[in-house]
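Numbering (the working numbering), first residue to last: 13 to 193.
Inspection log for the structure reproduced underneath, given as structure tokens.
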Amino acid sequence: MPVQPIRLFGDPVLRTPAAPVETFDKELRKLVQDLTDTMRDAPGSGLAAPQIGVSLRVFTWWVDDELGHLCNPVLDLSDEIQDGEEGCLSIPDLAFDTKRAMRVVAKGFNEHGEPVVVEGSELLARAIQHETDHLDGILFVDRLDAETRKAAMKAIREAEWFGEQPPEVRVSPHTVSARWL
Ligand code: ZN
């Protein structure tokens, strides 16, 4: 299955709330496969459909060697908070400390339309929250405190990829790291 170009900050699809999955068909399973392949190629710990230009409520994750996907997620978050570095494949090379719930229970559907419940903590919980935000048109920089967000926006504006089309052939600039989502 083909690896898809990853949409970058500034692409309107990343600010568009995604539509619920209504048809769990072959096309959806191809989308899940494309997301999985693109995420593993990047490499990243998670990828949401809008990041490859598809405005549907689907994301994948790759955390602790476990691959997963979820459609139409609804999250239940713990009161306990984690704080740590977070990055985004759509905002290359930049990472900032981001507060997230420590644990999450995510209800949704698998690619066959069967109801599933995913429970995660730490990085998996962070990935699920980050990817669900993507489905609502929210980026992790929106979650930063005002001062850090200002620094993040400055770094984005100064990044060499900002305002550029993605290169025809992606040579991954990323070192293998768990934090790219
Ligand atoms: Zn992201």
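C-beta: ideal position from N, C-alpha, C; glycine also.
I want to check one thing, is the minimum distance from the CB of residue i to the heavy atoms of ligand 1 below 6 Å?
i      : result
SER102 : yes
LEU20  : no
LEU82  : no
LEU193 : yes
Could you compute how far the alpha carbon of residue i sits from the alpha carbon of residue j?
i      : j      : result
GLY196 : GLU170 : The structure shown does not extend to residue 196, since the chain is modelled only from 13 to 193, so the question has no answer here.
TRP74  : LEU82  : 12 Å
ARG19  : TRP173 : 11 Å
LEU101 : LYS119 : 24 Å
ASP95  : VAL129 : 24 Å
GLY132 : ALA113 : 10 Å
VAL44  : THR28  : 19 Å
ALA107 : LYS42  : 30 Å
Are there 16 or more other CB atoms within 10 angstroms of the CB of residue i, so buried, or fewer, so exposed?
i      : result
GLY175 : exposed
ALA139 : buried
PRO14  : exposed
ASP145 : buried
ALA61  : buried
ASP77  : exposed
PRO24  : exposed
Cβ pair count under 8 Å reaching 3, the stretch 63-79 against the stretch 150-167:
no
My parser needs the alpha helix (DSSP H) runs of 4 or more residues fully inside the stretch 82-133; what are they?
none
Would the stretch 33-40 and the stretch 80-95 be scored as touching if the rule is three or more Cβ pairs under 8 Å?
yes
For a minimum of 3 consecutive residues, which ranges assigned as the beta strand (DSSP E) are wholly contained in the stretch 127-167?
127-133
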